[in-house]
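Here's the structure, in structure tokens; my notes come after.
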Amino acid sequence: MSATGASPGTAGHDGDVLVRVEDLVKRFPVASDRLFGRARQEVQAVDGVSLDVRRGETLGLVGETGCGKSTLARCITRLYNLTSGRVTFDGDDISALSRRRLRPYRLQMQMIFQDPYGALNPRRRVGSIIGDPFAIHGIAAGVERKRRVQELMELVGLNPEHYNRFPAEFSGGQRQRIGVARALALHPKLIVCDEPVSALDVSIQAQIVNLLADLQDELGLTYVFIAHDLSVVRHVSDRIAVMYLGKVVEIAPTDELFSRPRHPYTNALLSAIPAIDEEGGAGPGRIVLGGDVPSPIDPPPGCRFHPRCPKARQLCSDEEPILERKAGDLPGHAAACHYPVEAGEELGSPPAPGVVS
Amino acid sequence: MTQLGTELELLGTPSAEPSAEAFEGRSPWQLAWARLRRDRVAIACTVVIVLIALVAIVAPLIAHLAGHGPNTQYLDTGLTPEGLPRGPSSQFLVGTDDLGRDVLVRVAYGAQISLLAGVVAATVAVAVGVVVGLTAGYFGGATDSFLARAMDVVLAFPFLLFAIAVVSIVGPSLRLAIAIIAFFSWAAVGRVVRGQTLSIKEKEYVEAARSLGASDLRIMFVDIFPNLLAPVLVYLTLLIPAAIVFEATLSFLGLGVVPPTPSWGNMLAESLNYYRVAWWFVLVPGVALLVTTLAFNLLGDSIRDAFDPRGERLFRR
């Protein structure tokens, strides 16, 4: 995918930035024992995330289930209201707009959902589903709408004659194409893909990923691409942000992140990629993290990763590290860690002989 | 969803489909319809219901053919010398009642009342229930708490006491009976619709509609409502017989249709003193009521099965 020149830092070069997220916080109230006491608890789904999405790039968002990736995505598209923080889209602050005033922005940003079964209304015909954006925004009607819907179907590789079919009559991959067609209908600038391929068969995943890549080249789209499959993310992304428990722990250009991961969590994630022996050398040893992801209701103090981190020291539980460029890193590479991993350093168990980082 | 696909193959093409329509997918409705058409019980019930409806519609014709008005008393031909109802004869096909009126003609006119009360009350109840349930489920929060409690209150009402109280103030009439029936029936529909809405609104396609900028109303009626139609239709076919029985109950107690207008309920009430000597008097309206409600209930079951052949019940009875 077309990489825009590596501009330094997460901020800067305002002209390039399509979406700017500043200190975004999203908490969900948890109903706990309302009858007695008022222990009002909150899940800190996203806690103080700042990042930029540059025009024309694909920003990958990775992390374990429950780390807040999807919540962040839904905050960016304003499906959720923010608890605090700011989202700027194309220079306009959209973080506090009402639903009515958001409508013009809805034309410009769309989502593709994870579950191609759940994202399409089973009771409606495909033509009507893809035509929804036109109907909602009163753009094209009647014959004109049908023509445009069929164009879209062709664009994403569906047979336009299947206009009158129901979602149940399509395979998973075809349904995801329907979702893509719907997202493209209004020529958006930004498409947020929430795990668009993780519910699909592996052979179909590649088709959809390539379709998205082709469309990006053709239509100049910007993607925020969420996934937990690192090899997919690596394939599509220009830059990758790694999230852990509601925070971005590391962000870097794709190649840089894979060749020089600085955060121990990123290292652990990367080591979990099942490696087929490509270049003859043994990969870095698998880093097995102990314990579970802590509850986002009561996150650990200091660095949120410290209870599971092989490098954790006293400072890690006392003071929260900030996301910043570490010594020796390329511009645009930032990690939130007090003791970033050095090249060649071996983390965790068991040390494999002849490790090349 | 996948099951629907396999269902398509299993069903095959009952009526030879021209290839031009091959790309026209069959909607869940068409699938349900195809299943329903092969369900013998459903067909039998439909025939029965249509017959009863026909009887109701042509009641004046029946009266004309029999030569007896529904409220005319045939004191000399219709009653025995002792003043008791006469049994079935060539003149009165299913006998007469205690006032010498033709039971057949009266039952036919009673069908008008029963069907009218059943269909109108059930339709009103379903309409109100859908709107309230959809609003409560979709908006949630305080709206939901208020509406859900309102439904609880209605469901907790002692309906007979309420009906007696209202009728004693306003005076009995068919219109009031229908209003009372509808008032006590909508909450059950509202609950079902609310529950379904709660689960449907979490679906990703609702989120997709929201991300496209759809309004609340559009989401409620374009995206959610079509998914509710099946349970609502089933509920409607089950509410109609309930409303018919409800009306009969009210009329039986003298709270519904006012004599001499015939209704199955008030005919049953009048016949109770004569069941030892005039079995036809109690049997004919009773059987009419039973057959009608049974046909509607069985049809409702069949419709439910047709929409949901896997046996995953939309609601328990």
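Chain order of the listed sequences is Y and B.
Residues 51 to 407, numbered by the numbering used here, are exactly what the first sequence covers, in order.
Residues 37 to 353, numbered by the numbering used here, are exactly what the second sequence covers, in order.
Backbone N, C-alpha and C fix where the C-beta goes; we use that ideal spot for every residue, glycine too.
Please confirm whether residue i and residue j have their CB atoms less than 9 Å apart.
{"i": "residue 144 of chain Y", "j": "residue 242 of chain Y", "result": "no"}
{"i": "residue 235 of chain Y", "j": "residue 180 of chain Y", "result": "yes"}
{"i": "residue 96 of chain Y", "j": "residue 319 of chain Y", "result": "no"}
{"i": "residue 150 of chain B", "j": "residue 316 of chain B", "result": "no"}
{"i": "residue 120 of chain B", "j": "residue 138 of chain B", "result": "no"}
{"i": "residue 279 of chain B", "j": "residue 192 of chain B", "result": "no"}
{"i": "residue 132 of chain Y", "j": "residue 105 of chain Y", "result": "no"}
{"i": "residue 225 of chain Y", "j": "residue 167 of chain Y", "result": "yes"}
{"i": "residue 318 of chain B", "j": "residue 307 of chain B", "result": "yes"}
{"i": "residue 157 of chain B", "j": "residue 282 of chain B", "result": "yes"}
{"i": "residue 186 of chain Y", "j": "residue 248 of chain B", "result": "yes"}
{"i": "residue 143 of chain B", "j": "residue 277 of chain B", "result": "no"}
{"i": "residue 205 of chain B", "j": "residue 286 of chain B", "result": "no"}
{"i": "residue 92 of chain Y", "j": "residue 80 of chain Y", "result": "yes"}
{"i": "residue 325 of chain B", "j": "residue 291 of chain B", "result": "no"}
{"i": "residue 349 of chain Y", "j": "residue 296 of chain Y", "result": "yes"}
{"i": "residue 165 of chain B", "j": "residue 231 of chain B", "result": "no"}
Tell me, please, whether the CB atom of residue i is closer than 9 Å to any CB atom in chain Y?
{"i": "residue 289 of chain B", "result": "no"}
{"i": "residue 271 of chain B", "result": "no"}
{"i": "residue 283 of chain B", "result": "no"}
{"i": "residue 237 of chain B", "result": "no"}
{"i": "residue 174 of chain B", "result": "no"}
{"i": "residue 240 of chain B", "result": "yes"}
Does the CB of residue i have a neighbour CB from chain B at under 9 Å?
{"i": "residue 331 of chain Y", "result": "Note on residue 331 of chain Y: pLDDT 47, under 50, position unreliable in the model; the coordinate value appears next. So no, residue 331 of chain Y is outside the interface."}
{"i": "residue 187 of chain Y", "result": "yes"}
{"i": "residue 139 of chain Y", "result": "no"}
{"i": "residue 182 of chain Y", "result": "yes"}
{"i": "residue 172 of chain Y", "result": "yes"}
{"i": "residue 51 of chain Y", "result": "Caution applies to residue 51 of chain Y, whose pLDDT of 41 falls short of 50 and renders its modelled position unreliable; the value that the coordinates give is listed next. Not one chain B Cβ lies under 9 Å of residue 51 of chain Y."}
{"i": "residue 168 of chain Y", "result": "yes"}
{"i": "residue 175 of chain Y", "result": "yes"}
{"i": "residue 115 of chain Y", "result": "no"}
{"i": "residue 157 of chain Y", "result": "yes"}
{"i": "residue 165 of chain Y", "result": "yes"}
I'd like the list of long-range same chain contacts for residue i, defined as Cβ closer than 6 Å, with 5 residues on each side in sequence excluded.
{"i": "residue 313 of chain Y", "result": "299, 300, 385, 387"}
{"i": "residue 342 of chain B", "result": "68, 71, 72"}
{"i": "residue 359 of chain Y", "result": "314"}
{"i": "residue 30 of chain B", "result": "Only positions 37 to 353 of chain B appear in this structure, which leaves residue 30 of chain B out of reach."}
Identify, in the order they occur along the chain, each residue of the same chain with its Cβ nearer than 7 Å to the Cβ of residue i, setting aside the five sequence neighbours on each side.
{"i": "residue 148 of chain B", "result": "92, 95"}
{"i": "residue 294 of chain Y", "result": "113, 117, 315, 354, 355"}
{"i": "residue 182 of chain Y", "result": "232"}
{"i": "residue 317 of chain Y", "result": "311, 337, 391, 397"}
What is the DSSP secondary structure of residue i, reduced to helix, strand or coil?
{"i": "residue 239 of chain Y", "result": "coil"}
{"i": "residue 110 of chain B", "result": "coil"}
{"i": "residue 294 of chain Y", "result": "strand"}
{"i": "residue 167 of chain Y", "result": "coil"}
{"i": "residue 301 of chain Y", "result": "strand"}
{"i": "residue 237 of chain B", "result": "coil"}
{"i": "residue 371 of chain Y", "result": "coil"}
{"i": "residue 107 of chain Y", "result": "coil"}
{"i": "residue 338 of chain B", "result": "helix"}
{"i": "residue 336 of chain Y", "result": "coil"}
{"i": "residue 189 of chain Y", "result": "coil"}
{"i": "residue 376 of chain Y", "result": "coil"}
{"i": "residue 70 of chain Y", "result": "strand"}
{"i": "residue 206 of chain Y", "result": "coil"}
{"i": "residue 171 of chain B", "result": "helix"}
{"i": "residue 301 of chain B", "result": "helix"}
{"i": "residue 76 of chain Y", "result": "strand"}
{"i": "residue 140 of chain Y", "result": "coil"}
{"i": "residue 132 of chain B", "result": "strand"}
Just reading off the alpha helix (DSSP H) that residue i is part of, what are its end residues?
{"i": "residue 273 of chain B", "result": "261 to 288"}
{"i": "residue 314 of chain Y", "result": "314 to 321"}
{"i": "residue 92 of chain Y", "result": "Where residue 92 of chain Y is concerned, there is no enclosing alpha helix (DSSP H), although the beta strand (DSSP E) it sits in stretches over 91 to 104."}
{"i": "residue 288 of chain Y", "result": "From DSSP, residue 288 of chain Y is part of no alpha helix (DSSP H); its letter is neither H nor E."}
{"i": "residue 365 of chain B", "result": "Outside the shown range of chain B, which is 37 to 353, sits residue 365 of chain B, and nothing can be said about it."}
Determine the extent of the beta strand (DSSP E) in which residue i is found, giving its start and end residues.
{"i": "residue 345 of chain Y", "result": "Unbroken run through residue 345 of chain Y: none, as it is neither H nor E."}
{"i": "residue 161 of chain Y", "result": "159 to 162"}
{"i": "residue 275 of chain Y", "result": "272 to 277"}
For residue i, which residues of its own chain have a beta-carbon under 8 Å away from its beta-carbon, when the five flanking residues on both sides are left out?
{"i": "residue 78 of chain B", "result": "72, 334, 335, 338, 339, 342"}
{"i": "residue 245 of chain B", "result": "254, 255, 258, 259"}
{"i": "residue 142 of chain Y", "result": "155"}
{"i": "residue 291 of chain Y", "result": "101, 109, 110, 111, 112, 298, 300, 301"}
{"i": "residue 123 of chain B", "result": "131, 314, 316"}
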